[in-house]
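Q: Pasting a structure here, questions to come.
Residue numbers (this note's numbering): 68 to 426.
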């Protein structure tokens, strides 16, 4: 691959990409504002919550709307509007006007489509990261195939399809961006187009980094956290963790009287760079089995799930364990007491139901 001419400013914003002169600008919140390539300028607009609301360039006008839970409820590309109906975090129907144009049969894990039912049924074939590599018909014959560069630049081959769920199972928009729920990702530039609000507290100099620059080993289903496939090697396990992590995050953000405002803000900020890893064996500090743990020497933004935790053996629940261990990473934001168990267990009890089998 040819070398790419790049440059950064003092705020670590990428200001030059594949250009001899500055061709990227940002607004005061660190959101990508303009991008110029081959003399064509793309303008990005953002709402008050730093959500992408519009994109415009020669030949493209796009706008986006969101529901009360922050999910993208519609996109309009060059005048054609597609609406979305959700089941939790996943799209279960695409809507044209008032009529579903496609519906989905999905697995229990987040970003796990099995069948897209539109004009023709399309069956998904995916790799270890949940990336769509082919769509087959009911007879199992390949109809559409996809190839990818490591950071997600894709090429569609064979029979054209309007399927959007491609790289790591996320929406590959007609705009050139991939929608990762909380943030949009630019596969050509290999980074998110908005910065991590955790900033330096996340232990990273790069506020726009995607999967800690490990795109072949990890995925980021919410644009908020990373699942480490080097330690969580089983595809089904990673899918299960994605679903349980979504429950943990939704509970922390939306359950009444769960967290106070400062706790919720810190929790949300941490999830911008959280890494969920899998410990390979039972872990028994002080002679007691642990459901998970967090150790700064292994990464201040990394939490570990043990086999006991993944099976909820003697634990509150898998989402509760993810929630619990995330709180332990918040010492730099909320105080050293979050390294201990008292306040963390109180908050876990406040937000999750204690299993009747747990003593």
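Heads up, the beta-carbon is just placed ideally off N, CA and C, and yes, glycines get one too.
Quick one: any contact between the stretch 185-195 and the stretch 314-331, if contact means 3 or more CB pairs under 8 Å?
A: no
Q: Do the stretch 294-314 and the stretch 384-394 make contact, defined as three or more Cβ pairs closer than 8 Å?
A: Verdict: yes, contact present.
Q: Quick check: what's the CA-CA separation for residue 426 versus residue 368?
A: Here residue 426 refers to the residue found at position 359 of the chain shown. Here residue 368 refers to the residue found at position 301 of the chain shown. Unreliable positioning characterises residue 426 in this predicted model, as indicated by a pLDDT of 48, which lies under 50. The coordinate reading is nonetheless provided below. Taking the straight line from one Cα to the other gives about 30 Å.
Q: Residue 305 lies in the alpha helix (DSSP H); which residues open and close that run?
A: Within the chain shown, the letter at position 238 stands for residue 305. Looking at the DSSP string, the run of the alpha helix (DSSP H) that includes residue 305 is 302-321.
Q: Would you identify the three-state DSSP class for residue 286, choosing helix, strand or coil?
A: Sequence index remark: in the chain shown, residue 286 carries index 219 (1-based). Of the three classes helix, strand and coil, the one that applies to residue 286 here is strand, per DSSP.
Q: For residue 263, count the other beta carbons within 10 Å of its own beta carbon; 16 or more makes it buried, fewer makes it exposed. Which is it?
A: Taking the chain shown and counting its residues from 1, the one referred to as residue 263 is at position 196. Using a 10 angstroms sphere on the CB of residue 263, the tally of other CB atoms reaches 16 or more, which defines it as buried.
Q: Using the C-alpha atoms, what's the distance from residue 355 back to residue 200?
A: One-based indexing of the chain shown puts residue 200 at position 133. One-based indexing of the chain shown puts residue 355 at position 288. Whole-angstrom Cα-Cα distance: 43 Å.
Q: Please work out which residues of its chain come closer than 6 Å, Cβ to Cβ, to residue 334, disregarding the five sequence neighbours upstream and downstream, and give them in chain order.
A: Within the chain shown, residue 334 is the residue found at index 267, counting from 1. Hits under 6 Å: 319.
Q: Please name the residue or residues paired with residue 251 in a DSSP beta bridge.
A: The residue labelled residue 251 in the question sits at position 184 within the chain shown. Answer is 246.
Q: Classify residue 409: buried if its beta carbon has 16 or more other beta carbons within 10 angstroms, exposed otherwise.
A: Translated into the one-based positions of the chain shown, residue 409 becomes position 342. Exposed: under 16 other Cβ atoms inside 10 Å.
Q: Of the choices 399, 303, 145, 188, whose alpha-carbon is the least far from that of residue 208?
A: Looking up residue 208 in the chain shown gives position 141. Taking only the C-alpha atoms, the option nearest residue 208 is 188.
Q: Put residue 107 into one of helix, strand or coil per three-state DSSP.
A: Here residue 107 is taken as the residue at index 40 of the chain shown, counted from 1. Residue 107: strand per DSSP, three-state reduction.
Q: Please name the residue or residues paired with residue 163 in a DSSP beta bridge.
A: Locating residue 163 in the chain shown gives position 96, counting from the first residue. As DSSP reads the structure, residue 163 sits in a beta bridge with 166.
Q: Pull the bridge partners of residue 359 from the DSSP assignment, please.
A: Taking the first residue of the chain shown as position 1, residue 359 is located at position 292. Beta-bridge pairing links residue 359 to 372.
Q: Taking C-beta to C-beta, are residue 95 and residue 83 nearer than 8 Å?
A: Numbered from its first residue, the chain shown carries residue 95 at position 28. Numbered from its first residue, the chain shown carries residue 83 at position 16. Remark: C-beta atoms of residue 95 and residue 83 do not approach each other more closely than 8 Å.
Q: Using 10 angstroms around the beta-carbon of residue 248, count the other beta-carbons present and answer buried if the total reaches 16, otherwise exposed.
A: For the purposes of this step, residue 248 is identified with residue 181 of the chain shown, where counting begins at 1. With 16 or more other Cβ atoms within 10 Å, it is buried.
Q: Please determine, among 174, 185, 281, 182, the residue with the shortest C-alpha to C-alpha distance to residue 307.
A: Residue numbering aside, residue 307 sits at position 240 when the chain shown is read from its first letter. Residue 307 has its Cα closest to that of 174, out of 174, 185, 281, 182.
Q: Is residue 414 helix, strand or coil when you go by DSSP?
A: For the purposes of this step, residue 414 is taken as the residue at position 347 of the chain shown. If DSSP states are grouped into helix, strand and coil, residue 414 belongs with the helices.
Q: Pick out whichever of 129, 365, 180 has its Cα sitting closest to the Cα of residue 243.
A: Here residue 243 is taken as the residue at index 176 of the chain shown, counted from 1. Out of 129, 365, 180, 129 has the C-alpha closest to the C-alpha of residue 243.
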